[in-house]
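Presented below is the structure to which this report refers.
There are 2 protein chains.
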Amino acid sequence: MEHKRITIYDIADRLGISPTTVSRALRGQQGIAKSTIKKVRSMADEMGYSLNTLAAGLRTRKSYNIGVVVPQIDRAFIATFISGIEEIANEAGFNVMIYQSMDDEAKEIRNVMSLMSSSVDGAIISLSMNTKSMDHIRLFKAKNIPLVMADRVADEMDVDKVVIDNFEAGYHATEYLISLGHDYIAHFAGSPERNVYRDRKDGYLAALKRYNKPINPQLLIYENLSEAAGVRAVEKLLILDQLPDAIFAANDTTAVSAVLHLQKLGIAIPDEISIVGFNNDPIASILKPQLTTVDHPAREIGKTAAKRLISRINADEEMDIQNETFTLKTSLIIRGSSGPVSIRSEGKVHW
Amino acid sequence: MEHKRITIYDIADRLGISPTTVSRALRGQQGIAKSTIKKVRSMADEMGYSLNTLAAGLRTRKSYNIGVVVPQIDRAFIATFISGIEEIANEAGFNVMIYQSMDDEAKEIRNVMSLMSSSVDGAIISLSMNTKSMDHIRLFKAKNIPLVMADRVADEMDVDKVVIDNFEAGYHATEYLISLGHDYIAHFAGSPERNVYRDRKDGYLAALKRYNKPINPQLLIYENLSEAAGVRAVEKLLILDQLPDAIFAANDTTAVSAVLHLQKLGIAIPDEISIVGFNNDPIASILKPQLTTVDHPAREIGKTAAKRLISRINADEEMDIQNETFTLKTSLIIRGSSGPVSIRSEGKVHW
DNA sequence: TTGTAAGCGTTATCAT
DNA sequence: ATGATAACGCTTACAA
Chain A
284 MEHKRITIYD IADRLGISPT TVSRALRGQQ GIAKSTIKKV RSMADEMGYS
334 LNTLAAGLRT RKSYNIGVVV PQIDRAFIAT FISGIEEIAN EAGFNVMIYQ
384 SMDDEAKEIR NVMSLMSSSV DGAIISLSMN TKSMDHIRLF KAKNIPLVMA
434 DRVADEMDVD KVVIDNFEAG YHATEYLISL GHDYIAHFAG SPERNVYRDR
484 KDGYLAALKR YNKPINPQLL IYENLSEAAG VRAVEKLLIL DQLPDAIFAA
534 NDTTAVSAVL HLQKLGIAIP DEISIVGFNN DPIASILKPQ LTTVDHPARE
584 IGKTAAKRLI SRINADEEMD IQNETFTLKT SLIIRGSSGP VSIRSEGKVH
634 W
Chain B
284 MEHKRITIYD IADRLGISPT TVSRALRGQQ GIAKSTIKKV RSMADEMGYS
334 LNTLAAGLRT RKSYNIGVVV PQIDRAFIAT FISGIEEIAN EAGFNVMIYQ
384 SMDDEAKEIR NVMSLMSSSV DGAIISLSMN TKSMDHIRLF KAKNIPLVMA
434 DRVADEMDVD KVVIDNFEAG YHATEYLISL GHDYIAHFAG SPERNVYRDR
484 KDGYLAALKR YNKPINPQLL IYENLSEAAG VRAVEKLLIL DQLPDAIFAA
534 NDTTAVSAVL HLQKLGIAIP DEISIVGFNN DPIASILKPQ LTTVDHPARE
584 IGKTAAKRLI SRINADEEMD IQNETFTLKT SLIIRGSSGP VSIRSEGKVH
634 W
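Chains as they are written, first to last, in my numbering: chain A, 284 to 634; chain B, 284 to 634.
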């Protein structure tokens, strides 16, 4: 039961015209009779024709596919990010191919390879947690494939980037905690290899410094920011002489997990410890007390990255556009998991 | 600055052999000298060659792309589902193209069209909330493109399907609530157009009937299962003479939203109303009290669908495999949002 | 084990 | 406004 594919030759034969004319008519090119266009299109419909994009792409060197490499799809932040990309790509007639690195450098490299041999017109990448080598990133320039790095980018690479100001966000979050009267503030950080976590941590340190708060290395805990990491980090705090009076976590997963663990231990949030997370995941507003967190414009990052990528793909290669970094706004969403020291001691604040 | 693409001809020229031999060596075909393979591969590496899959696909009529159409990527359940698909596809050397219908039939149809002209080797689809027409689904068979429907499937279509037993899950959830002593049980249902919601509802009704509980149409509320829907549904219950003593919601989003709204109104969960959700989203275990819910094997559904699709793609067309429906197991996860009537009246149960 | 030639379905170029 | 021809880069008969 072989399936015979309908080609422009078949249409041409039936209509007694040339394949070239059919091709032109189908694409609505200029310099072709309107009557011919009508004839061809209706015949194409009738015969159930559909373009072979492989053949067209081979000829035009365009696939209308963009590749997207992310750590893991099933994280609220990343799913939203991809959703934003798809939204824009779809409007512009591009297909989105997704690859997940599972936060593994080797897998990320393999992803990039398969993406490249799939002849995508461009790519968007958000680095895995432990990626160190940049060779596979450089490959894009070498192969002249437009690339936009998003969120987890590599500072040292000269490519288009879409990010947030993680330093500022970390600074503000910490400053906010300080403004509440806290001065013994812990930070749950991710791998310093990644700009996002390094910058959030640096913002945290800068705020402490700015307000003359003590910088205690024991309060700066590096973790992989998983759910289990939240518990581990709390355990590390518990063995200290003094519990911190506030925690700024580099993501919501860890922050929420920490809150739950602390509550299980009978430590009141925010009465005894104030907590601020990062991302504004759905779980943040379900937690009790609701989690104070930094709103991360995941969808906007995706949309911006896709727009940039597509305009680069569609641009004249000649005009050699400068690489740009787009920095999107974040905002601190203040909710119940953080509260002032003064009121706290009176034990009045719940949520 | 045109970028010259390296082809097998370039490699052949440099090595003084034929392109055919290069092609064979690269693919490690049988009947070729090991020394040639080595020579060719190292030269390919040196020259930075990468396969043009468009050309190869044009010749072999395979793209190694599969298309996936889902309602919306940024829903916990769907993101996990896609993650499972990508996992399997990636292992098998297939790329995953995603399209989101945004729960809109027209968009879904457009998605299917672009997917088809992108010459995918097969597709996986989960229907939008309001899809009625099946013409675009039939197109797959007409064009001889393997298709697997997953989760939100169309009962009337004869295609491969991967589902859960929604009737059974709805029956069990309701039966469980009855076993707790509840007999005035409400159900928040989704569009009866979709098998998943229709079956959950039918399971609910069957359980009520089986245990001789009254079936009250006012307690069966059809909604779009969004967050706002949870609030709306609760409002509809509030105007009744009597509040139900339990609610079974067809998804967690609505269940959680309902719990929050009820709590805001001062109604204790589960003391005054027991609630059961569906999906086991991350928010379910963060809610206080934690949400009793039906665990939905989203990742397994994705993996099963991908495996089936790929084995069909790789199968001999001749052997004309029968369509199958794979039904995966669900389980009821009992947590704090539901409790027995007896204890409840004593006001002892919190969580 | 290797090579030659044709063809996959388009589109671009050059004619007419 | 339309047509003939070549080319995109690969794989598959068939031949050597």
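Think of the CB as a built atom: it goes at the ideal place given N, C-alpha and C, for glycine as much as any other residue.
Computed from a predicted model, the values in this text were never measured in an experiment.
Subject >> 7 Å Cβ shell around B:Leu526 - same chain, five flanking residues per side excluded >> reply: Looking up residue 526 of chain B in the second sequence gives position 243. Closer than 7 Å at the Cβ level, and outside the excluded window around B:Leu526, lie Leu520, Ile556.
Original post:
Are A:Ala452 and A:Thr613 touching if we call contact CB-CB under 8 Å?
Top reply: Start at 1 with the first residue of the first sequence, and residue 452 of chain A comes out as number 169. Start at 1 with the first residue of the first sequence, and residue 613 of chain A comes out as number 330. Against a cut-off of 8 Å, the Cβ pair of A:Thr613 and A:Ala452 comes out as a contact.
**OP:** Using alpha carbons as the reference points, say which of B:Tyr467, B:Ala511, B:Asn478, B:Leu615 lies closest to B:Asn495.
**Re:** As a position in the second sequence, residue 495 of chain B is number 212, starting the count at 1. Minimum Cα-Cα distance from B:Asn495 among the listed residues B:Tyr467, B:Ala511, B:Asn478, B:Leu615 corresponds to B:Tyr467.
Original post:
What residues from chain A crowd round B:Ser400, counting only those whose CB sits closer than 7 Å?
Top reply: Numbered from 1 along the second sequence, position 117 holds the residue referred to as residue 400 of chain B. Under the 7 Å cutoff, chain A gives Ser333, Leu334, Thr336.
**OP:** Under 8 Å by Cβ, that's how I've got B:Thr457 and B:Leu410 pegged, so tell me the actual separation to the nearest angstrom.
**Re:** Here residue 457 of chain B refers to the residue found at position 174 when the second sequence is read from its first residue. Here residue 410 of chain B refers to the residue found at position 127 when the second sequence is read from its first residue. No, B:Thr457 and B:Leu410 are not in contact; Cβ-Cβ is about 25 Å, not under 8 Å.
Original post:
Taking C-alpha atoms, which residue in A:Asp524, A:Asn507, A:Leu523, A:Gly549 lies nearest to A:Ala538?
Top reply: Taking the first residue of the first sequence as position 1, residue 538 of chain A is located at position 255. Checking every option, the nearest Cα to that of A:Ala538 belongs to A:Asn507.
Subject >> Cβ neighbour criterion (16 or more within 10 Å) applied to A:Ser594 >> reply: Counting from one through the first sequence, the residue named residue 594 of chain A turns up at place 311. Answer is exposed; the Cβ neighbour count stays below 16.
Original post:
From A:Glu374 to B:Leu398, what distance separates their C-alpha atoms?
Top reply: For the purposes of this step, residue 374 of chain A is identified with residue 91 of the first sequence, where counting begins at 1. For the purposes of this step, residue 398 of chain B is identified with residue 115 of the second sequence, where counting begins at 1. Using only the alpha carbons, I get a separation of about 14 Å.
Subject >> B:Tyr467, DSSP secondary structure in three states >> reply: Against the second sequence, residue 467 of chain B aligns to sequence position 184. Correct three-state label for B:Tyr467: coil.
**OP:** Please confirm if A:Thr575 has its CB atom under 8 Å from at least one CB of chain B.
**Re:** Numbered from 1 along the first sequence, position 292 holds the residue referred to as residue 575 of chain A. At a cut-off of 8 Å between beta-carbon atoms, A:Thr575 makes no contact with chain B.
Original post:
What is the DSSP secondary structure of B:Ile392, counted as helix, strand or coil?
Top reply: Along the second sequence, one-based indexing puts residue 392 of chain B at 109. The answer is helix: DSSP assigns B:Ile392 an H, G or I state.
**OP:** Identify whether B:Ala598 lies in helix, strand or coil by the three-state DSSP scheme.
**Re:** Mapped onto the second sequence, residue 598 of chain B falls at position 315. Collapsing the DSSP output to three states places B:Ala598 in coil.
Original post:
Are there three or more Cβ pairs, one per stretch, closer than 8 Å when the segment 331-346 of chain B is compared with the segment 546-554 of chain B?
Top reply: Judged by Cβ distances under 8 Å, the segment 331-346 of chain B makes no contact with the segment 546-554 of chain B, as fewer than three pairs qualify.
Original post:
In chain order, what residues of the same chain lie with their CB nearer than 6 Å to the CB of A:Phe450, ignoring the 5 residues before and after it?
Top reply: Within the first sequence, residue 450 of chain A is the residue found at index 167, counting from 1. Counting only Cβ-Cβ distances below 6 Å, and skipping sequence neighbours, we find Asp482, Asp485, Gly486.
Original post:
Does B:Ile616 get closer than 8 Å to chain A when you measure Cβ to Cβ?
Top reply: The residue you call residue 616 of chain B lines up with position 333 of the second sequence. Output row for B:Ile616: interface = no.
Original post:
Taking C-beta to C-beta, are A:Ile596 and A:Gly405 nearer than 8 Å?
Top reply: Here residue 596 of chain A refers to the residue found at position 313 of the first sequence. Here residue 405 of chain A refers to the residue found at position 122 of the first sequence. For A:Ile596 and A:Gly405, yes; Cβs fall inside 8 Å.
**OP:** With distances taken Cα to Cα, identify the nearest neighbour of B:Tyr413 among B:Ser346, B:Ile428, B:Asp386.
**Re:** In the second sequence, counting from the first residue as 1, residue 413 of chain B sits at position 130. Reading the sequence as shown, one finds Asn at residue 413 of chain B and not Tyr. Of all alpha-carbon atoms in B:Ser346, B:Ile428, B:Asp386, the one lying nearest the alpha-carbon of B:Asn413 is that of B:Asp386.
Subject >> Under 8 Å between C-beta atoms of A:Ser384 and B:Ile356 >> reply: Here the question's residue 384 of chain A lines up with position 101 in the first sequence. Here the question's residue 356 of chain B lines up with position 73 in the second sequence. The Cβ atoms of A:Ser384 and B:Ile356 do not sit closer than 8 Å to each other.
**OP:** Would you kindly work out how many angstroms separate the C-alpha atoms of B:Ser400 and B:Thr304, rounded to a whole number?
**Re:** Within the second sequence, numbered from 1, the residue matching residue 400 of chain B stands at position 117. Within the second sequence, numbered from 1, the residue matching residue 304 of chain B stands at position 21. Approximately 32 Å, taken between the alpha carbons.
Original post:
Under 8 Å Cβ-Cβ, which residues of chain B neighbour A:Ile566?
Top reply: Looking up residue 566 of chain A in the first sequence gives position 283. Neighbours of A:Ile566 in chain B, taken as residues whose beta carbon is under 8 Å from its own, are Pro565, Ile566, Ile569 in chain order.
Original post:
Between the C-alpha atoms of A:His633 and A:Leu543, what's the straight-line distance to the nearest angstrom?
Top reply: For the purposes of this step, residue 633 of chain A is taken as residue 350 along the first sequence, with counting starting at 1. For the purposes of this step, residue 543 of chain A is taken as residue 260 along the first sequence, with counting starting at 1. Residue placement at A:His633 is flagged as unreliable, the pLDDT there being 32, under the threshold of 50; the coordinate-derived value follows with that caveat. If you draw a straight line from the Cα of A:His633 to the Cα of A:Leu543, it comes to about 15 Å.
Subject >> Contacts that A:Val379 makes with chain B (C-beta to C-beta distance below 7 Å) >> reply: Taking the first sequence and counting its residues from 1, the one referred to as residue 379 of chain A is at position 96. Chain B residues near A:Val379: Met380, Ile381.
Original post:
Which whole-angstrom value is the C-beta distance of B:Val431 and B:Leu592, which I expect to be below 8 Å?
Top reply: What you label residue 431 of chain B is simply residue 148 of the second sequence in a count that begins at 1. What you label residue 592 of chain B is simply residue 309 of the second sequence in a count that begins at 1. Correct: roughly 5 Å between the Cβ atoms.
Subject >> Continuous beta strand (DSSP E) stretch holding A:Thr290: start and end >> reply: Counting from 1 along the first sequence, the entry for residue 290 of chain A is found at position 7. Following the DSSP letters along the chain, one finds A:Thr290 in no beta strand (DSSP E), marked with neither H nor E.
**OP:** Can you check DSSP and say which residues form a bridge with A:Met380?
**Re:** In the first sequence, the residue the question calls residue 380 of chain A occupies position 97. A:Met380 is bridged by DSSP to A:Gly350, B:Met380.
**OP:** Note down, in chain order, every chain B residue with its Cβ under 8 Å from the Cβ of A:Leu341.
**Re:** By one-based count along the first sequence, residue 341 of chain A stands at place 58. The contacting residues are Asn335, Leu337, Ala338, Leu341.
Original post:
Quick one: which chain A residues come within Cβ less than 7 Å of B:Ile356?
Top reply: Reading the second sequence from its first residue, position 73 is the one you call residue 356 of chain B. Simply Ala362, Ile365, Ser366, Glu369.
Subject >> Same chain only: Cβ atoms within 6 Å of B:Ala589, ignoring 5 sequence neighbours per side >> reply: For the purposes of this step, residue 589 of chain B is taken as the residue at position 306 of the second sequence. Cβ within range, chain order: Ile368, Ile371, Ala372.
Subject >> Beta-carbon spacing of A:Tyr347, A:Gly376 below 8 Å >> reply: Counting from 1 along the first sequence, the entry for residue 347 of chain A is found at position 64. Counting from 1 along the first sequence, the entry for residue 376 of chain A is found at position 93. Result yes, Cβ atoms of A:Tyr347 and A:Gly376 sit closer than 8 Å.
Original post:
Considering only the beta carbon of each residue, do A:Leu623 and A:Gly513 sit closer than 8 Å?
Top reply: For the purposes of this step, residue 623 of chain A is taken as the residue at position 340 of the first sequence. For the purposes of this step, residue 513 of chain A is taken as the residue at position 230 of the first sequence. First, the amino acid is wrong: residue 623 of chain A is Pro here, not Leu. No, Cβ-Cβ distance for A:Pro623 and A:Gly513 is not below 8 Å.
Subject >> Which listed residue (A:Glu510, A:Ala362, A:Thr536) has its alpha carbon closest to that of B:Ile381 >> reply: Walking along the second sequence from the start, residue 381 of chain B turns up at place 98. Closest option to B:Ile381, Cα to Cα, is A:Ala362.
Original post:
What's the gap between the Cα of A:Asn478 and the Cα of A:Leu422?
Top reply: The residue you call residue 478 of chain A lines up with position 195 of the first sequence. The residue you call residue 422 of chain A lines up with position 139 of the first sequence. The alpha-carbon atoms of A:Asn478 and A:Leu422 are separated by roughly 21 Å.
Original post:
Mind checking A:Gly378: buried by the 16 CB within 10 Å criterion, or exposed?
Top reply: Taking the first residue of the first sequence as 1, we reach residue 378 of chain A at position 95. Looking at the sequence provided, one finds Asn at residue 378 of chain A rather than Gly. Buried: at least 16 other Cβ atoms inside 10 Å.
Subject >> Cβ separation of A:His579 and A:Ile408, assumed to be a contact under 8 Å, to the nearest whole Å >> reply: Your numbering for residue 579 of chain A matches position 296 in the first sequence. Your numbering for residue 408 of chain A matches position 125 in the first sequence. Wrong, their Cβ atoms sit about 18 Å apart, outside the cutoff.
**OP:** Return the first residue and the last residue of the alpha helix (DSSP H) that B:Val431 is part of.
**Re:** The residue labelled residue 431 of chain B in the question sits at position 148 within the second sequence. Element bounds for B:Val431: not the alpha helix (DSSP H) but the beta strand (DSSP E), 430-433.
Original post:
What are the residues of the segment 533-564 of chain A that lie near chain B, defined by any Cβ-Cβ distance shorter than 7 Å?
Top reply: Listed by position, the residues of the segment 533-564 of chain A near chain B (Cβ gap below 7 Å) are Val539.
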